[in-house]
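Engineer: Taking the numbering used here, the leading residue of the sequence shown gets 166, the next gets one more, and so forth.
Beta carbons: idealized from backbone N, C-alpha and C, even for Gly.
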Amino acid sequence: MFEQALEPAVESGSCHLAVLLKTDAELYSVLASFYALGAKRNGWLAHRALMGEGDRDRKRLASHGLDVAALEEEDRLAVVEFDTTEPPEHSTDRWEGEMARALDRGLTGLWYSRFAVGPDDSVYAAVIPFERAWESSFDGRPAVTLCPYVVGELTGAVAMDRLASVAEHHDGVLIAGGAENEFTLFSRP
Numbered sequence: 166m167f168e169q170a171l172e173p174a175v176e177s178g179s180c181h182l183a184v185l186l187k188t189d190a191e192l193y194s195v196l197a198s199f200y201a202l203g204a205k206r207n208g209w210l211a212h213r214a215l216m217g218e219g220d221r222d223r224k225r226l227a228s229h230g231l232d233v234a235a236l237e238e239e240d241r242l243a244v245v246e247f248d249t250t251e252p253p254e255h256s257t258d259r260w261e262g263e264m265a266r267a268l269d270r271g272l273t274g275l276w277y278s279r280f281a282v283g284p285d286d287s288v289y290a291a292v293i294p295f296e297r298a299w300e301s302s303f304d305g306r307p308a309v310t311l312c313p314y315v316v317g318e319l320t321g322a323v324a325m326d327r328l329a330s331v332a333e334h335h336d337g338v339l340i341a342g343g344a345e346n347e348f349t350l351f352s353r354p
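1) How long is the line joining the alpha carbons of His-256 and Thr-320, rounded to whole angstroms?
2) Can you give the beta carbon distance from Val-316 to Leu-215, rounded, assuming they're within the 8 Å contact cut?
3) Can you name the start and end residues of the alpha helix (DSSP H) that Ser-301 belongs to?
4) Buried or exposed for Thr-188, please, with buried defined as at least 16 other CB atoms from any protein chain shown within 10 angstroms of its CB.
5) Please list, in chain order, all residues of the same chain as Ala-332 whose beta carbon is under 8 Å from its beta carbon, the five residues on each side excluded.
6) Check Arg-306 in the structure and name its three-state DSSP category.
7) What did DSSP end up calling His-181 once you bin it into helix, strand or coil?
8) Note down the Cα distance separating Ala-298 from Arg-259, rounded to an integer number of angstroms.
9) Can at least three beta-carbon pairs, one atom from the segment 280-287 and one from the segment 225-245, be found at a separation below 8 Å?
Next comes the structure, spelled out in structure tokens:
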């Protein structure tokens, strides 16, 4: 169901999407599905982990069906830890260069995602400048980005405010439905 919801948004080969998750437990199945779709479309996959959690993320992605070892061996996947001291305006520099090298190697573009943010307001606010820098650097380029946010603990009104705020920086927002692995895509007009 995740791939079916995501498919229309990625047809152009360039989009910056958010996904709202109820819990952290949903994250790695969503990421594994996202990266599997990127691999199927001959993309270069990049995963940003929190500092000190790169190996843990590799194991969790693998436990959800992504062949992490093979993709890394083929230089199709990079798991990189997030440097919290990195200024937002330089946070895309590495990825622009890596995407150019991937395109030179015949890959179709960059498929990028990261650790989940939220529901804490201060953490969410801290990531906004990075989201804006990403949008500025990769808008219209062959990059498919999925930004996960956990909103499950937020009250209804706060969750709606978060949805509106997240939608401002993304081409669309995927929201988990009632059934497992069921998502609905809300696109920016």
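Structural biologist: On the basis of the coordinates in this document:
1) Checking the displayed sequence, the identity of residue 256 turns out to be Ser instead of His. Cα to Cα, the separation comes out at about 32 Å.
2) With 8 Å as the limit, Val-316 and Leu-215 do not qualify as a contact, their Cβ atoms being about 19 Å apart.
3) 286-303
4) exposed
5) Ala-183, Val-338, Phe-351 and Arg-353
6) coil
7) strand
8) 13 Å
9) no
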